[in-house]
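Residue numbers (the working numbering): 98 to 970. Think of the CB as a built atom: it goes at the ideal place given N, C-alpha and C, for glycine as much as any other residue. As the structure is a prediction and not an experimental result, all values here were calculated from the model.
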């Protein structure tokens, strides 16, 4: 059928939308038509508009229109421009395409892509012989047809660009289809590096009636370059490394279980099916299958996968990725005593080749979109980010220290699915997601002045001031109607939402819950049932393997760590009908410990690294709308002036202290939650001042608050982190209790750096608490519908003893109230204390006022009678 747009299609918003129109015959925008896919919020990218005709013409306005049609894909301020694409069949002579001159006004587009598509049907196997090679005659191969069509690109660009915007780019479209109901197999490696006729890549669409089997690589966006590590006058093949290309790359569309016209006798359905080449038969077994070791990768192009069945990974080395285009290597100066640059044997990549294992920096990477009617069955990757994300960074005060930088070894990436040079990821899954890693990293390119790399000595000969240009990142959206089992998710910069109608839970192999790592990002998890998290950490603090240079020596400061959280980094975990479980455990045999040791080939994990890997972003919230919040191990919140902790449960908020495998129930095994009060610039490793691994122990002490004494002051910033922050942290157990309220609980410790609201419908038991107030206006409330209590502990002889430094402590000024419906029993604790600035000299010199009320019950106290009886007299 035809599509005619005369009115308004509005997909605009705070975030830009996408409009896709698919017509079997003509598609036309007439006078007054408006398609709006713009973004209104700052830093939001522009939208996407796709106008596609399978067998007719695409017409976006005419010269005779009284009011020219408008297509608006503007981004917000500082956001990227949007995308407009028009697609139609090539003419029979392969020299033109069925897109009429564009008289519509296009706003906010980076370019207007006009794809001339040609279909190749009844194909079962894709080989290089089938695709063809440079020089093939038109009609002899796919390659020959593309070359012939693109000879007309300059003429077609001028003819179609009626408004002379300079934005129109005619590109080739290739659609390879299997027979109806049959498989399509990529049998030999397909490298589209050389397919750039007229300087333009295109769109490759592979459409299988049943399974699409990717048995070999599908690659673009990478090319060989001479490595600076090899200085021979006559380089061999071993002297080259794979680097990113510059400019645009091919887009892939991979379809299985296709909705072919020949599969239906209904003419109306047939027209619908033929209109959208990405349509699939719902509830039909047609999967996209990647063989082990296969890489589906491109640079700036998008990857779109649509399957009526599953997306299947055949092994742990299969990967899907967009890489971006070459972004250069920063502004490192090169001291070149041997004229290596003049001889053409090295480039600005020289330092990266020697010290970063030929890693690189990408930008403008494409998006990945996956839509499956079944499951995504990942392989359970052996990799963590440190296998392909490498780093440098030393103390700028140290002589000849390298600059801070993190880069990607693109050839090493095997961690399932990622946008490595920037780009969004969107997964829509009707079934389960099993053992899948999804990564959206950034790179940090050194741009600080003064760093000089000596090409003769192969080391830095001068150090400067650290500065990085952060590139990459993107938004993550996952919509799942089944369960999500295990996997890991890295969101370095951007916004993320993961929603599942089932559980967000452990995998079936290692019993490893999902691992979350972030940078300057916000991530929300919502599960229809329960949600379990293995840990949450900043991706740049994961200890990296030592880098080895070209001479077999360890690269100095290649294991430095630094935080890349930003103010406003946050994670929220929501369970609609089950429990929220926060593991964070590193005892011997714990799945997370074994995973990291396997990735790093390490015999053990230091206590300091454990603290780094359980440092959540500054804002964290967990909500169990009809269940409990259960905590297995320690965690701390990064220093953020506007950060906060929020634990909200319909039932209990409790530790699982009795489930710790090291069994001894002494104070060192009590679960501790800390909100850091350390200066994030002066007291923690930063991009500007990273901490080498050799000096890490001294810094990591601030992640665990010291006992009372001189060392405790290191835990506090000169100006309290939460000065001026009026939003309190909150722990609410609506119907249940907090602390030791289950048979497998022993109570936990909570240290907050701001005013805090704690409320339980039941008891608050063995909650060792320290709340810091920073202003006389601060107030905290500890309220229980039942009792507020500590255990009365005894030794084997029956004598009362104190376990740990248990108390309710309020530091700083302000007010705090302890209100219990029943008893307040302080057991063998130190009681309720207001310590002023004794534990933090940077606080005002006054203590908090304390109010303690017990046996309030359901009937509120009669304060008027109390006043009249005792105060007024």
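Asked: Spatial neighbours of residue 112 in its chain, beta-carbon cut-off 6 Å, leaving aside the 5 residues before and after; Found: 136 and 141
Asked: From 315, 736 and 790, residue whose alpha carbon lies closest to that of residue 780; Found: 736
Asked: Proximity winner among 725, 147, 292 and 668, relative to residue 716 (alpha-carbon distances); Found: 668
Asked: Given 8 Å, three or more beta-carbon pairs between the segment 574 to 591 and the segment 528 to 542; Found: yes
Asked: Residue 132 CB to nearest heavy atom of the ligand COA below 8 Å; Found: As far as ligands go, the structure on display features none, and thus does not contain the ligand COA.
Asked: Beta-carbon separation (whole angstroms), residue 463 vs residue 341, contact threshold 8 Å; Found: Actually they are not in contact, since the Cβ atoms of residue 463 and residue 341 sit about 13 Å apart, beyond 8 Å.
Asked: Reduced DSSP category for residue 552 - H, G, I as helix; E, B as strand; rest coil; Found: coil
Asked: Segments of 3+ residues assigned as beta strand (DSSP E) that fall wholly inside the segment 810 to 888; Found: 826 to 830, 845 to 849, 853 to 857, 864 to 869 and 876 to 881
Asked: Nearest to residue 729 (by Cα), restricted to the options 709, 680, 351 and 771; Found: 680
Asked: Residue 915 - DSSP class collapsed to helix/strand/coil; Found: strand
Asked: Beta-carbon proximity list for residue 87, same chain, < 6 Å, skipping 5 on both sides; Found: Nothing can be reported for residue 87: it is not among the residues displayed for the chain, which extend from 98 to 970.
Asked: Range covered by the beta strand (DSSP E) that runs through residue 183; Found: 179 to 186
Asked: Between the CA atoms of residue 345 and residue 397 - distance to the nearest angstrom; Found: 5 Å
Asked: Residue 143 and residue 134 closer than 9 Å at C-beta; Found: yes
Asked: Cβ contact (3+ pairs, closer than 8 Å) linking the segment 266 to 277 and the segment 299 to 306; Found: yes
Asked: Rounded separation between residue 578 and residue 383 - CA only; Found: 19 Å
Asked: C-alpha distance - residue 711 paired with residue 312, whole-angstrom precision; Found: 39 Å
Asked: Contact set for residue 706: own chain, Cβ-Cβ below 7 Å, skip 5 residues either direction; Found: 640
Asked: Expected contact under 8 Å - CB spacing of residue 782 and residue 658 to nearest Å; Found: 5 Å
Asked: Rounded straight-line distance, which links the Cα of residue 483 to that of residue 369; Found: Because the pLDDT at residue 369 is just 47, under 50, the model does not fix this residue reliably, and the value given afterwards should be weighed accordingly. C-alpha separation (whole angstroms): 47 Å.
Asked: Contact with chain B by residue 219, beta-carbon distance below 9 Å; Found: Judged by its chain identifiers, the structure shown contains no chain B, having just a single protein chain.
Asked: Own chain partners of residue 289 with C-beta closer than 6 Å, once the 5 adjacent residues on each side are dropped; Found: 317 and 347
Asked: Beta strand (DSSP E) segments (min. 3 residues) lying fully within the segment 381 to 443; Found: 385 to 387, 392 to 395, 400 to 404, 408 to 410, 416 to 419 and 430 to 432
Asked: Opposing strand residues paired with residue 602 [DSSP bridges]; Found: 582
Asked: Alpha-carbon spacing of residue 319 relative to residue 519, whole angstroms; Found: 16 Å
Asked: Three-way DSSP call (helix, strand, coil) for residue 169 in this model; Found: strand
Asked: Same chain only: Cβ atoms within 8 Å of residue 852, ignoring 5 sequence neighbours per side; Found: 825, 826, 868, 870, 875, 876, 877 and 911
Asked: C-beta atoms of residue 662 and residue 593 nearer than 9 Å; Found: no
Asked: Counted within 10 angstroms of its Cβ, other Cβ atoms place residue 351 as buried (16 or more) or exposed; Found: buried
Asked: Within 9 Å, strictly: CB atoms of residue 557 and residue 498; Found: yes
Asked: Straight-line Cα distance separating residue 664 from residue 338; Found: 38 Å
Asked: Cβ-based neighbour list, residue 96, same chain, cut-off 6 Å, excluding 5 preceding and 5 following; Found: Absent from the model: residue 96. The displayed extent of the chain is 98 to 970, so no value can be given.
Asked: Three-state secondary structure (DSSP) of residue 288; Found: strand
Asked: Segments of 3+ residues assigned as beta strand (DSSP E) that fall wholly inside the segment 601 to 634; Found: 612 to 624 and 628 to 630
Asked: Three-state secondary structure assigned by DSSP to residue 225; Found: helix
Asked: Under the three-state DSSP convention, the category residue 447 falls into; Found: helix
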